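Note sheet for the following structure.
Chains as they are written, first to last, in my numbering: chain C, -19 to 287; chain E, 158 to 590.
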């Protein structure tokens, strides 16, 4: 995964800094090539970027128009008449208890599901990396092997299981489900990361009289920072954005935001004034996380996309 | 697997404490469900009757599921390859661009949002109404650039005017025209937006050597207009085609001017009857039914590519950074063109990364659910069906059959297995390096 880190930021390209230029990076040939072919390439890339932005911009601008305007013309009319932009849909949405409450539910599911995966995954990852017990590598393979299980396989059985123990349609149930399915990847990632910790460090701590738990919480966890960050961000976004599991296991009385919006989609067309701002509000947190933690996000997605 | 150090001196029960939470959760919620699903898939809907592999047989005989299977094949073939191809193109093109990072950010951003949000975004993009859905707005715009749109869709003659239907949506005068006698062709039922900027209609004066006339909207806003008379404020219908027809043949044709008047050469049009061809009044082209049964799956795949091309791009860009510069430079110095360098060196060197991307996307696509569930409207949901959606419907939908649902789940697992095997082997190889 190290090759992947910083993939968004530093291709060798543009800002490839002095190091690249000297050795092989921006040699004369490639710089000349960049000059000559640059114009058409630039135009092409700008067009592609605009094309890629357009769908989201469409939703954003739709969310800023009155329901009546949305009904009679396309969002691009805003460019001809910017005065029609209004925050009404958003202030309306703030008063919409169902949608606002659903955001709280989403947070109440996402935060514990992320913390639990990190904690439980770290414990197991540490055990697989450094503790001594019979059949260790075999167990590790089994755990990693569970990566292949699609969540769909567990829907019916876990629904029955949760039904039997009273977890069906509860936030706790959704949290447990997400935690369990986050674990194979978490254990895999963290075990490999922890295994790189220099043995001397751990032995020195042990000599200082640190017990297993102390060693874990004071030495291993802090050292695992980068891996834990990638994992945490990946899991956070995964759970925040999930709809399928929430659809089945979440309390239908106070559903998370994806389910609440999904129920609105049924009347698509008549309620874009709710859907568009709602979708944007649901995207705010993921986008903040994305822009704030690009690097960890990229490496997390790279490693975790098999899920 | 590399043999790593073990810290000596730990007792097994400590390891057990560290492992217990993970193993309990994995056992109860991941491993046990696999066993249960396999078991349950051998029984009928009620769960009492053993049906052996009957449910699996139904996967291939039930029409709805067959559609789902077929669509899954389309998905697995098209979505990963298109996403990967675009990702490769973008990665290579941005490599040497100064603001490549900004570009990558834009293309990668959809990865951060939920498939639900992406679904809502694309429901809007694909809206049938060209005045709302941008896909059809563009499509209709392009179409109308090449095929002139009808100037006045839906317009028709004022009742009791000297104009009758002549078949196919055209209108024809009942009497023949003469050069000295300007014709009045009054129309009504013109859409407001088609005459918003129209000028006032002017009565055509008699002109030597020409058959003249006026086509106008015979309707005065606020009332007070007289039928068949060009009243003060009545609007001209410009750009309308008028044909002179003699013995069923078009002998001359003209287009109305901004004031609604037209003139036809008298030599040809004298004694002919005038026809307003159907092309003037055809309903406007309404674009493509993106979410109709025919196109719904490709349309949804489009939204998937929008989300995941960025993923492919970033992975490939990371691989590209590992391609030895010297090799490319050497080839360029030897006179290889950019395309040759790309085809002969870059792509082969990137092959392992491309495989990883393809395989990862395939696993992902096999389980596609949210996008289809959100984007496909009720009327074409059957045509857009995929396995994961069918599984959801069979397990929790309206006509529940848990046996069948479990069979689909196990089938999905079997489909993912070989693909995942390739991926895991790759991971292990990478570790060993």
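A virtual CB, placed ideally from N, CA and C, is assigned to each residue, including glycine.
Small disclaimer: the values here were computed from a predicted structure and weren't measured.
Any Cβ of chain C within less than 8 angstroms of the Cβ of residue 301 (chain E)? no
Does residue 6 (chain C) come out as helix, strand or coil in the three-state DSSP assignment? With a pLDDT of 48 at residue 6 (chain C), under the threshold of 50, the modelled position of that residue is not reliable, and no figure is offered here.
Selected residue, minimal CA-CA separation from residue 512 (chain E), among E:240, E:192, E:364: E:240
Would you grab the beta carbon distance between residue 269 (chain E) and residue 267 (chain C) for me? Rounded to a whole angstrom, and I think it's under 8 angstroms. 6 angstroms
Terminal residues of the continuous beta strand (DSSP E) containing residue 342 (chain E)? 340 to 345
Look at the alpha carbon of residue 28 (chain C) and the alpha carbon of residue 396 (chain E), and state the distance between them as a whole number of angstroms. 37 angstroms
Whose CA, out of E:560, E:575, E:570, lies closest to the CA of residue 209 (chain E)? E:560
Within its chain, find whatever has a CB closer than 7 angstroms to the CB of residue 232 (chain E); leave out the 5 residues flanking it on each side and keep chain order. 458, 522, 525, 543
Relative to the C-alpha of residue 370 (chain E), which candidate in E:417, E:376, E:198 has its C-alpha closest? E:417
Exposure label - residue 222 (chain C); buried when at least 16 CB within 10 Å: buried
Please report whether the beta-carbon of residue 59 (chain C) lies at a distance below 8 angstroms from any beta-carbon of chain E. no
Cβ-Cβ distance between residue 245 (chain E) and residue 531 (chain E) below 8 angstroms: no
By alpha-carbon positions, which one of E:556, E:321, E:187, E:361 ends up nearest to residue 131 (chain C)? E:187
Throw me the rounded Cβ distance for the residue 437 (chain E) and residue 287 (chain E) pair, which I believe falls under 8 angstroms. The pair is not a contact, with the Cβ atoms about 20 angstroms apart (cut-off 8 angstroms).
Spatial neighbours of residue 276 (chain E) in its chain, beta-carbon cut-off 6 angstroms, leaving aside the 5 residues before and after: 528, 531, 532
Residue nearest to residue 133 (chain C) in terms of C-alpha spacing, selected from E:568, E:401, E:449: E:568
Neighbour flag for residue 403 (chain E) against chain C, beta carbons, 8 angstroms: no
Any Cβ of chain E within less than 8 angstroms of the Cβ of residue 87 (chain C)? no
Considering Cα atoms alone, identify which of E:189, E:271, E:212 is closest to residue 258 (chain C). E:271
Please state whether the Cβ-Cβ distance between residue 336 (chain E) and residue 367 (chain E) is less than 8 angstroms. yes
Sub-8 angstroms separation of residue 104 (chain C) and residue 155 (chain C) beta-carbons: no
In angstroms with no decimal places, state the Cα-to-Cα distance between residue 278 (chain E) and residue 290 (chain E). 10 angstroms
Along chain C, which residues have their Cβ under 7 angstroms away from the Cβ of residue 289 (chain E)? 54
Whose C-alpha, out of E:456, E:483, E:250, E:553, is nearest the C-alpha of residue 496 (chain E)? E:250
Distance, residue 498 (chain E) Cα to residue 254 (chain E) Cα: 18 angstroms
Can you tell which of C:157, C:210, C:228 has its C-alpha closest to the C-alpha of residue 168 (chain C)? C:210
I'd like to know whether the C-beta atoms of residue 69 (chain C) and residue 43 (chain C) end up nearer to each other than 8 angstroms. yes
Residues of its chain near residue 120 (chain C), where Cβ-Cβ distance is below 7 angstroms and the 5 sequence neighbours each way are ignored: 108, 171
If you check the beta carbons only, do residue 171 (chain E) and residue 183 (chain C) fall under 8 angstroms apart? no
Since residue 422 (chain E) is in the beta strand (DSSP E), which residue starts that stretch and which ends it? 418 to 422
Quick check on residue 203 (chain E) - is its C-beta less than 8 angstroms from some C-beta in chain C? no
Contact criterion: CB-CB distance below 8 angstroms. Does residue 463 (chain E) meet it with respect to chain C? yes
Using DSSP with H/G/I as helix, E/B as strand and the rest coil, what is residue 400 (chain E)? strand
Please report whether the beta-carbon of residue 254 (chain E) lies at a distance below 8 angstroms from any beta-carbon of chain C. yes
Determine which residues of the region 535 to 569 of chain E have a Cβ less than 9 angstroms from any Cβ of chain C, and write them out in chain order. 535, 544, 545, 548, 549, 552, 553, 559, 562, 563, 565, 566, 567, 569
Residue range of the unbroken alpha helix (DSSP H) whose run includes residue 150 (chain C): Where residue 150 (chain C) is concerned, there is no enclosing alpha helix (DSSP H), given that its DSSP letter is neither H nor E.
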